[in-house]
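Chains A and B supply the protein sequences, listed in that same order.
The first sequence runs 1 to 248 under our numbering.
The second sequence runs 1 to 185 under our numbering.
This report refers to the structure that appears directly beneath it.
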Amino acid sequence: MPDPIHQFEIKRILELDLFGIDASFTNSALWMVVAVVLISLLTIWGMGGRALVPNRLQSVAEISYEFIANMVRDIVGVSGMKFFPFVFTIFMFILFLNMLGLLPGAFTATSSISVTAALALLVFFTVIIVGFAKNGLGFLKLFVPSGIPKILLLLVVPIEIISFLSRPVSHSVRLFANMLAGHITLKVFGGFVTMLIGTGGALAAVAIFPLTMALALTALEVLVAFLQAYVFAMLTCMYLHDALHPGH
Amino acid sequence: MAEKKTNQQTSTEVSHGNATHEKSFPPLDPSTFAPQLVWLAITFVTLYIIMARVALPRISTVLEERRDRIASDLDQAEQLKQQTEQAIAAYEEALTQARNKAIGIAQETRDALTGEVEAEKLEVEKQIAEKTIEAEKRIQDAKTAALTHVNEVAGDVAQSIVQELIGGKLTSAEVNQAVSRALAS
């Protein structure tokens with residue numbers, strides 16, 4: 001049975017040291033760079049024609065743009081459009097990392113808690129900084145829902161604070177766990193196939209079942225890869241909305 | 001890729017025996033956090049700058065240009081439509097005018113012709129009346145002439161009769177007297 005955890009191992013391609021910090025170029029970094037290059041190609045080279053009637057690649061770039069622009073406009077509001085490049089970058093980066101991770105032999109950078117936690121904390125602190133910068137202490141109204149009896153506030157305010165503080169946890173673990181679980185499951189079924197074929201004879205024919213399963217799961221993982229990027233961007237928008245409009 | 005996997009697999013299985021069991025779960029292994037985070041920061045910031053400075057403004061320009069173009073095309077279409085409607089209205093008006101004019105001309109011609117016919121008719125009637133009067137006069141003349149001749153004829157006849165009956169000769173004066181008397185009575 002192949003080790004389903006092995007695929008998550010970080011391999012140092014180039015040992016680097018930056019002021020005492022381990023900045024080695026790893027397989028994770030490689031796929032991050034690939035994602036940046038591909039996204040840039042799609043959105044810059046793909047738009048190269050600047051055609052009035054777009055070709056396929058330009059359509060994809062424009063659809064991505066409008067998809068995220070509408071999301072930001074609908075959830076954060078028109079005043080939130082200055083965060084559009086931020087949300088767009090987050091969405092495209094996670095989407096490409098997730099999708100690239102599905103390529104055989106590729107590394108899924110978003111299957112590491114450090115990456116997803118860093119992204120979630122980036123959003124978390126952006127929300128706090130923007131919230132206080134925009135509303136001053138009025139940002140604290142976020143924890144005091146209006147229209148609630150005073151006595152209940154004693155209960156509600158701590159709950160709101162805890163839920164606010166736990167946001168980066170759920171935000172990061174959701175993406176991380178989905179990627180991790182999906183890839184482990186894929187690897188387990190893939191492992192069954194090689195194992196059954198390896199034993200040979202009648203059992204090799206049974207390998208068709210885990211193979212079918214792996215195929216179906218791959219399709220599901222494509223959906224999950226998109227969905228998790230979408231959910232991450234969507235939650236980012238909702239948190240940014242809180243930062244701009246803290247009153248419930 | 002299958003090859004690669006089996007290679008990796010064997011290498012892990014080889015290392016399984018010694019240190020790997022103590023090794024932590026790779027996605028949660030803190031020793032690998034630093035390089036991942038450094039490169040996450042580098043790539044994310046790079047991507048953000050590329051998107052915010054270059055890619056998104058370009059897409060936005062293209063989309064705006066398209067929206068403007070569509071709007072201006074619609075405007076133009078609206079203008080052309082209005083022009084068409086104006087042209088149609090002008091045409092309709094010209095047509096109505098022409099029709100009215102045609103009706104007027106027809107009416108005028110009809111009136112003119114009727115007048116002419118009427119005048120000619122009157123003329124002809126007048127001529128007929130004149131001719132009738134003339135004819136009547138001629139008939140009267142002829143009648144008078146005929147009557148005069150009648151006297152002469154009667155005189156001649158009477159003279160001849162008298163000559164045949166009594167063998168005498170009458171002067172024309174006597175005959176004329178007798179005839180006039182007879183006619184007068």
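Glycine residues also receive a C-beta, built at the ideal position from the N, C-alpha and C atoms.
For I59 (chain B), the nearest CB of chain A lies under 7 Å from its own CB, placing it at the interface with that chain. Residue pairing for F25 (chain A): DSSP places it in a beta bridge opposite A:L14.
Taking 8 Å as the cut-off between beta carbons, the residues of the region 65 to 99 of chain A near chain B are Y65, E66, F84, P85, F86, F88, T89, M92 and F93, in sequence order. Contact of E221 (chain A) with chain B is not assigned, every C-beta pair being separated by 7 Å or more.
In the pairwise beta carbon analysis, the region 112 to 131 of chain A is classified as touching the region 172 to 190 of chain A: at least three pairs are separated by under 8 Å. Look at the beta carbons and you see the region 200 to 213 of chain A not touching the region 231 to 245 of chain A: under three pairs across the two are nearer than 8 Å. Three or more Cβ pairs drawn from the region 44 to 60 of chain B and the region 74 to 92 of chain A lie within less than 8 Å of each other, which places the two stretches in contact. The CB of L52 (chain A) comes closer than 8 Å to the CB of E65, R66 and R69 in chain B, given here in chain order. Taking 7 Å as the cut-off, the Cβ atoms of L196 (chain A) and A204 (chain A) count as close. Under the 10 Å beta carbon count, E93 (chain B) is surrounded by fewer than 16 other beta carbons and is classified as exposed. Interface annotation, M32 (chain A): in contact with chain B, CB-CB separation under 7 Å.
The closest CA to that of T89 (chain A), considering only A:E221, A:S166, A:I148 and A:A61, is found on A:A61.
When Cβ-Cβ separations below 7 Å define contact, F164 (chain A) makes no contact with chain B.
Counting C-beta atoms within 10 angstroms of its own C-beta, S112 (chain A) has 16 or more neighbours from the protein chains shown and is therefore classed as buried. Closest by C-alpha distance to L122 (chain A), out of A:P246, A:S172, A:P145 and A:I184, is A:S172.
For the 7 Å CB-CB criterion, P168 (chain A) and F124 (chain A) form a contact. V33 (chain A) sits away from T32 (chain B), with the two beta carbons spaced by 7 Å or more. Nearest to V36 (chain A) by C-alpha distance, out of A:R73, A:G77 and A:L100, is A:L100. For A146 (chain B), the enclosing alpha helix (DSSP H) stretches over residues L56 to I166.
Here M238 (chain A) carries a helix assignment [DSSP, helix/strand/coil]. Of A:F8, A:I151, A:F143 and A:P149, the smallest CA-CA separation from I162 (chain A) is found for A:F143. When rounded, the separation of the alpha-carbon atoms in V157 (chain A) and S40 (chain A) is 44 Å. Counting the other CB atoms within 10 Å of its CB gives F19 (chain A) a total below 16, which places it among the exposed residues.
L16 (chain A) and L28 (chain B) have their C-alpha atoms roughly 21 Å apart. Inclusion of L217 (chain A) and T185 (chain A) in the CB contact set at 7 Å is warranted, their separation being smaller than that value. Note that the region 73 to 80 of chain A does not touch the region 34 to 50 of chain B; fewer than 3 beta-carbon pairs, one per stretch, sit closer than 8 Å. The alpha-carbon of A98 (chain B) is positioned some 15 Å away from that of E108 (chain B).
Under the three-state reduction of DSSP output, S163 (chain A) falls in the helix class. Within its own chain, the residues whose Cβ lies closer than 8 Å to the Cβ of N55 (chain A), once the five positions on either side in sequence are excluded, are G49, listed in chain order.
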